């Protein structure tokens, strides 16, 4: 009998939040476990859980923030995106208020502006954030053109 292997579903959450200095930024965590480095908060979808439920749970577990999902951005499926195994990650954009606290798999946590992101990120999160900022710029240009 043939044994089938399937990719593992994950979620990552780009959390938009205001910093104490009034600037808008996004929350990144520094991972406790391999692969090490800064990353977008996220994790594995539990059996019986929707992608949206997993995103809310993972954000709370890693950042202590209660988030409001704004939209689903994209799904990334490159088999090499996670060095541990083949994962498929659905990316959500969310908002939150308050101050994040590193919890669960997060060793550190911080809020970064686009201009501050000049360092490597874990997984394929550099590409994901580049796509996010490009999409956000297009949305702003569209909004400006309509007004």
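Residue numbers (my numbering): 1 to 147. Heads up, the beta-carbon is just placed ideally off N, CA and C, and yes, glycines get one too. All values derive from a computational prediction rather than experimental measurement.
- In this structure, residue 67 and residue 13 form a Cβ contact; the two beta carbons are roughly 7 Å apart against a cut-off of 8 Å.
- The three-state secondary structure of residue 124, taken from DSSP, is coil.
- Residue 48 sits exposed, since fewer than 16 C-beta atoms from the chains shown fall within 10 Å of its C-beta.
- With fewer than 16 other Cβ atoms from the protein chains shown falling within 10 Å of its own Cβ, residue 119 counts as exposed.
- C-alpha of residue 3 to C-alpha of residue 34: approximately 28 Å in a straight line.
- The continuous alpha helix (DSSP H) containing residue 51 extends over residues 51-63.
- Between the alpha carbons of residue 90 and residue 135 lies a gap of roughly 16 Å.
- Under the 8 Å Cβ criterion, the segment 56-71 does not count as touching the segment 124-139, having fewer than three qualifying pairs.
- Cβ neighbours of residue 58 within its own chain (closer than 7 Å, five residues either side excluded): 11, 13, 41, 42, 43.
- Listed in chain order, the non-local C-beta contacts of residue 60 below 8 Å within the same chain comprise 66, 67, local neighbours out to five positions each way being set aside.
- Here residue 12 carries a strand assignment [DSSP, helix/strand/coil].
- Closest in C-alpha terms to residue 93, from the list 9, 5, 25, comes 25.
- Within the DSSP secondary-structure output, residue 45 pairs in no beta bridge.
- Linking residue 74 to residue 21 through their CA atoms gives a straight-line distance of about 30 Å.
- With fewer than 16 other Cβ atoms inside 10 Å of its own Cβ, residue 145 counts as exposed.
- Spanning the alpha carbons of residue 95 and residue 15 requires a straight line of approximately 5 Å.
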